[in-house]
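**Q** Have a look at this one.
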Amino acid sequence: EEATTMKAIRTLLFYAALLSHSPAAAFSFNSVRNQQRNSINLHQASVESVETSSDLVESSSTPSSNSRWATNALLFSSWTDGIVTNHAAKSFLRYSIVNKLLQDHVVDKEVGLETSVKFSPCNGPDVEKLNNLEAADVLSDSGKKFTFETFDVAVRNEVDSWAKETLQYCSTETGEVTVKLLYIPTAMYALNPQSSNTPGKQRQRARADGKKRRTQVLNLLETLLSVDSSENLSLQTITLDLDDDSLKQPEGPHNSQLQFPKDGKEALSTWNPTVIYVEGGNTFWLQHCIDKGQYSQLIIDACTGESGAVYCGKSAGAIVAGDDVSTATWKGWDDPSVVPNRETYDDWIGTRGFQFSESLSFFPHMSDDWIELVNDKVKGKEANSTCCLREEEVCCITGERKQRFVVSGAAPEC
């Protein structure tokens, strides 16, 4: 019934635009589509935002007024323990990527539909494109009904089934699904002043390690997104170092002509990455490079909105995604002296991150050893609300519903 109503509204809208010859037809179309989606959400069962982590620490201080949310994000301490062996996290990652692909497909079809009205007003909207969008709306509506319990190992088949159907839908015309990974290893490129290796040797080793880690991410994406043997998955990736805006190691299918971005700005905008993966390492160096290159707003814009990229932040990448980056000072693991003029921990107090989950900050690599420290820091109002992530935990964020929840895999062996 809802799909029929939406189809009728779309058709009336296009013919109204035809009669008025209004140049604002495209704007009106998108506005009505958004109203349709909002009205549908009102009829869905409400889902409470749940904090399942036992290590969420609240402060009595006044939280920031920020209300920003990432479209979909996964924040974690360890790739192996948090993602690879965590079935619920992998299920949410798959859902997030497929949803991004679906939203991109919808945007593309909407543009084509608007063009068909503009250049062929006598014939009205392209019926095939209109029907194609109806199918997208059904899939999108189904995806919005998932709750955090859906990603649990016991019932994740619901997500797998939806993802398979959606991937097949998105690949109907082109015969393939294109997934773009923008890998940012900047945090692990920070030089270690105490190392016996030369700066050149350190950089060489870091780039080699980064390439291996990127390959691990690509391998998992291929596993999660390959529907069957006939599915043609086009995985494209490139590495961006925020320190010097360099793009290296482009990779994709060998038999295709690929267009890779020329610089960091293009990589985060017009290249339209599906996944932005921010590697762990020295948080202070990472934040310094973000500030120096004025990347903050670019990354925020890329990872928010209806069809934002999926943000994956590991360790340092999780910290900079939060409200307050100064949680990186708590354990004393990262060396701030690598950043000129900000060599002490005090220099980083109050530094704001991307704020991808409102006023929530993140403290990765949590263990029982740090409980007293975290409580003292939060009571001292060094952070408003802090989500402490153990090695096996992942904080999953879905901005459309303004929800976050923590899923856990098996705890690593000591």
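Going letter by letter, the sequence shown gives residues -18 to 395 in the working numbering. Every residue gets a Cβ at the ideal spot worked out from N, C-alpha and C, and that includes glycine.
To which residues of the same chain is Ser396 closer than 6 angstroms at the C-beta, ignoring the five residues directly before and after it?
**A** Since the first and last residues shown for the chain are -18 and 395, residue 396 lies out of range.
**Q** Could you work out which residue in Ile64, Thr52 and Trp50 is closest to Pro393 when comparing CA atoms only?
**A** The candidate whose alpha carbon is nearest that of Pro393 is Ile64.
**Q** Quick test of the definition: if touching needs 3 or more C-beta pairs under 8 angstroms, does the segment 365 to 372 touch the segment 50 to 65?
**A** Touching, yes, given that three or more Cβ pairs across the two stretches are closer than 8 angstroms.
**Q** Go ahead and pull the three-state DSSP assignment for Ile330.
**A** Looking at Ile330 - three-state DSSP - the assignment turns out to be coil, as it is neither helix nor strand.
**Q** According to DSSP, is Phe265 helix, strand or coil?
**A** Correct three-state label for Phe265: helix.
**Q** For Leu205, list the residues DSSP reports as bridge partners.
**A** None, per the DSSP bridge assignment.
**Q** Go to Leu258, then tell me how far its beta strand (DSSP E) extends in each direction, as first and last residue.
**A** In the sequence under discussion, the amino acid at residue 258 is Tyr, which differs from the Leu named in the question. It spans Val256 to Val259 - the beta strand (DSSP E) in which Tyr258 sits, taken as one unbroken run.
**Q** Give the straight-line distance between the Cα atoms of Lys358 and Cys270, rounded to the nearest whole angstrom.
**A** Cα to Cα, Lys358 sits roughly 26 angstroms from Cys270.
**Q** Can you look up Tyr292 in the DSSP assignment and give me helix, strand or coil?
**A** If DSSP states are grouped into helix, strand and coil, Tyr292 belongs with the strands.
**Q** Between Arg194, Lys193, Phe73 and Ala144, which has its C-alpha nearest Ser121's C-alpha?
**A** Nearest option by C-alpha distance: Ala144.
**Q** Could you round the C-beta distance between Tyr164 and Thr218 to whole angstroms and report it? I think they count as a contact, below 8 angstroms.
**A** With a Cβ gap of about 6 angstroms, Tyr164 and Thr218 count as contacting.
**Q** What number of angstroms, rounded off, separates the C-alpha of Pro443 from the C-alpha of Lys312?
**A** This structure does not reach residue 443, given that the chain is present from -18 up to 395, and the question cannot be answered.
**Q** Counting only runs that start and end within the segment 128 to 159, where is the alpha helix (DSSP H) found for 4 or more residues in a row?
**A** Correct list: 138 to 151.
**Q** Do Ala69 and Val319 have their C-beta atoms within less than 8 angstroms of each other?
**A** No, the Cβ-Cβ distance between Ala69 and Val319 is not below 8 angstroms.
**Q** Measure how close the beta-carbons of Lys81 and Ala290 come, nearest whole angstrom, since I'm counting them as under 8 angstroms.
**A** Confirmed, about 7 angstroms.
**Q** Short of 6 angstroms in beta carbon distance, which residues of its chain neighbour Trp252, apart from the five on each side in sequence? Order them along the chain.
**A** Same-chain partners within the cutoff: Pro242.
**Q** Can you look up Thr379 in the DSSP assignment and give me helix, strand or coil?
**A** Three-state result, Thr379: strand.
**Q** Return the first residue and the last residue of the alpha helix (DSSP H) that Glu353 is part of.
**A** Counting along the chain, the alpha helix (DSSP H) containing Glu353 begins and ends at Ile352 to Lys360.
**Q** Just reading off the alpha helix (DSSP H) that Asp282 is part of, what are its end residues?
**A** Ser277 to Cys284 is the extent of the alpha helix (DSSP H) around Asp282.
**Q** With respect to the beta strand (DSSP E) encompassing Glu232, which residues constitute its N-terminal and C-terminal limits?
**A** Where Glu232 is concerned, the enclosing beta strand (DSSP E) stretches over Ser227 to Glu232.
**Q** DSSP on Asp190, reduced to helix/strand/coil?
**A** Correct three-state label for Asp190: helix.
**Q** Please report how far the alpha carbon of His346 lies from the alpha carbon of Ser296, in whole angstroms.
**A** The straight-line gap from Cα to Cα measures roughly 7 angstroms.
**Q** Measure the alpha-carbon distance for Ser340 versus Asp305 and round it to whole angstroms.
**A** Rounded to the nearest angstrom, the two C-alpha atoms are 8 angstroms apart.
**Q** Can you find at least 3 beta carbon pairs, one from the segment 315 to 330 and one from the segment 348 to 355, that sit closer than 8 angstroms?
**A** Touching, no.
**Q** How many angstroms separate the CA atom of Glu342 from the CA atom of Ser48?
**A** For clarity, residue 342 is Ser in the given sequence; the question names Glu instead. So the two alpha carbons sit approximately 13 angstroms from each other.
**Q** Return the CA-CA distance between Val160 and Leu354, expressed in angstroms with no decimal places.
**A** About 41 angstroms.
**Q** Measuring straight from C-alpha to C-alpha, what distance separates Leu214 and Cys368?
**A** About 35 angstroms.
**Q** Ser307 and Gly331: beta carbons closer than 8 angstroms?
**A** Yes, these two residues count as a Cβ contact at 8 angstroms.
**Q** Flag Cys284 as yes if its beta-carbon sits less than 8 angstroms from any beta-carbon of chain D, otherwise no.
**A** No chain D is present in this structure, which holds just one protein chain.
**Q** Rounding to the nearest angstrom, what Cα-Cα distance links Lys90 and Gln238 in this structure?
**A** Approximately 23 angstroms, taken between the alpha carbons.
**Q** With a 10 Å radius around its C-beta and 16 neighbouring C-beta atoms as the bar for buried, classify Arg186 as buried or exposed.
**A** Its Cβ having fewer than 16 others within 10 Å, Arg186 is exposed.
**Q** Once you ignore the five residues that flank Pro254 on each side, which residues in its own chain have a CB closer than 6 angstroms to its CB?
**A** Excluding positions up to five away in sequence, the list reads Lys161, Leu163 and Ala290.
**Q** State the beta-bridge partners of Arg385 as determined by DSSP.
**A** Per DSSP, Ile378.
**Q** Have a look at Arg184, Asp141, Ala116 and Asp244 and flag the residue whose alpha-carbon is nearest the alpha-carbon of Cys151.
**A** Out of Arg184, Asp141, Ala116 and Asp244, Ala116 has the C-alpha closest to the C-alpha of Cys151.
**Q** Suppose the cutoff is 7 angstroms on Cβ atoms and the five residues either side in sequence are ignored; what does the same chain contact list for Glu29 look like?
**A** Since pLDDT at Glu29 reaches only 29, below the 50 mark, its modelled position is unreliable, and the value read off the structure follows with that caveat. Closer than 7 angstroms at the Cβ level, and outside the excluded window around Glu29, lies no residue.
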